[in-house]
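Visitor: Heads up, the sequence shown is in this note's numbering, so the first residue is -12 and it goes up one at a time.
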Amino acid sequence: DAAEALHEYGVELTPWDELPAAAAIVAAVAHRQFRERPLTDVVAKLQPGGVLTDVKSMFNEAQLVAHGVSVWRL
């Protein structure tokens, strides 16, 4: 919740649609917002050759690799 993050921690969250493409995404917690987001939306936020660090193994690794994403898991 963006309002709660700002109130409790003084952190302003950036909406997903406003995030630029990144060289890496670290998905450390299996939040509902990640689990319910289409995989193509996640892949679209990665630069070509990007890496997705999927700490909780919540994404389908074979599908990510098929999209050209390098995957790292614990």
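Glycine included, each C-beta is placed from N, C-alpha and C at the ideal position.
These numbers were taken from a predicted model, which means no experiment stands behind them.
1) Given a cut-off of 8 Å, decide if GLU(-1) and LEU6 are closer than it, judged by their beta-carbon atoms.
2) On the DSSP bridge assignment, give the partners of ALA9 in chain order.
3) Identify, in the order they occur along the chain, each residue of the same chain with its Cβ nearer than 8 Å to the Cβ of TRP59, setting aside the five sequence neighbours on each side.
4) Thinking GLN34 and ALA10 are a contact (beta carbons under 8 Å), I'd like their distance in whole angstroms, please.
Guide: Quick answer:
1) Here residue 6 corresponds to residue number 19 of the sequence shown, with the count starting at 1. Here residue -1 corresponds to residue number 12 of the sequence shown, with the count starting at 1. No; because the gap between Cβ atoms is not below 8 Å, this pair is not in contact.
2) If you number the sequence shown from 1, residue 9 lands on position 22. DSSP output for ALA9 lists LEU33 as bridge partner(s).
3) The sequence position of residue 59 within the sequence shown is 72, counting from 1. Here the set comprises VAL38, LEU39, THR40, ASP41.
4) Reading the sequence shown from its first residue, position 47 is the one you call residue 34. Reading the sequence shown from its first residue, position 23 is the one you call residue 10. Correct: roughly 5 Å between the Cβ atoms.
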